[in-house]
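To keep things clear, I will list the structure first and then write my remarks on it.
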Amino acid sequence: MSLHGGEWRIHASAVDESKVIAEALSWLSGGESEIIVHKENSTLGAPMQTISVKMKGKQALLSLGMLEKESLRIILENGLDERIDDDKFLHIRLSLGRLVQGIGVLSMNKDDPVAKGKFKLEVYSGQEPIDVAEKLLGLLIDE
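Below is the structure:
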């Protein structure tokens, strides 16, 4: 059970503490991947930043393992149908407020700022993406 790779992405306004957010992403990704800060303007013209990190297979798996066990359980209990897309990516949203405190927990409020995670499941012929994700999350919970 593994992942091909993963990515965390955070959209922040110009007034958000990009250094603190970048440090949180570095912690979440294991500190080995480059944190990218892309400055741009929103559709309405306001300055904003996209802060992201891309990880290869093992790093992506370690990053998922940084999430609180309870959050992993909630993902499983709520079902994975809406979290896995047609391209076999598992999507997760973490609370940004908790992440900058060094705690990886799911965002339960759709209005809160989030870190968006996207993880490419390693799915082979004859396997179902949901089954692969369930086994993977189960292993992370049991660690």
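No gaps in the numbering here: position 122 of the sequence shown is 121 in numbering that gives the first Met the number 0, and each next residue is one more.
In this text, a Cβ means the ideal position worked out from N, Cα and C, and glycines have one as well.
Reduced DSSP secondary structure (H/G/I, E/B, other) of P112: coil
DSSP-derived helix/strand/coil call for I152: The chain is shown only over 0 to 142; residue 152 falls outside these bounds and no answer can be derived.
Cβ-based neighbour list, L139, same chain, cut-off 7 Å, excluding 5 preceding and 5 following: L63, G64, L71
Distance cut-off 7 Å: Q126 Cβ against heavy atoms of the ligand NAD: The ligand NAD is absent from the structure shown, which contains no ligands of any kind.
Classification of G54 by the beta-carbon crowding that lies within 10 angstroms, buried from 16 upward: Sequence inspection shows Met at residue 54; the Gly mentioned does not correspond to that position. Result: buried.
Where the beta strand (DSSP E) through V36 begins and ends: 34-40
Cβ neighbours of I9 in the same chain (closer than 6 Å, five flanking residues each side left out): I20, I50, A114
Per-residue DSSP class, three states only, for L24: helix
In DSSP terms, what R8 is bridged to: S51, K115
The stretch 75-84 contacting the stretch 27-41, beta-carbon criterion three pairs below 8 Å: no
Stretch pair the stretch 118-125 + the stretch 82-94: three plus CB contacts closer than 8 Å: yes
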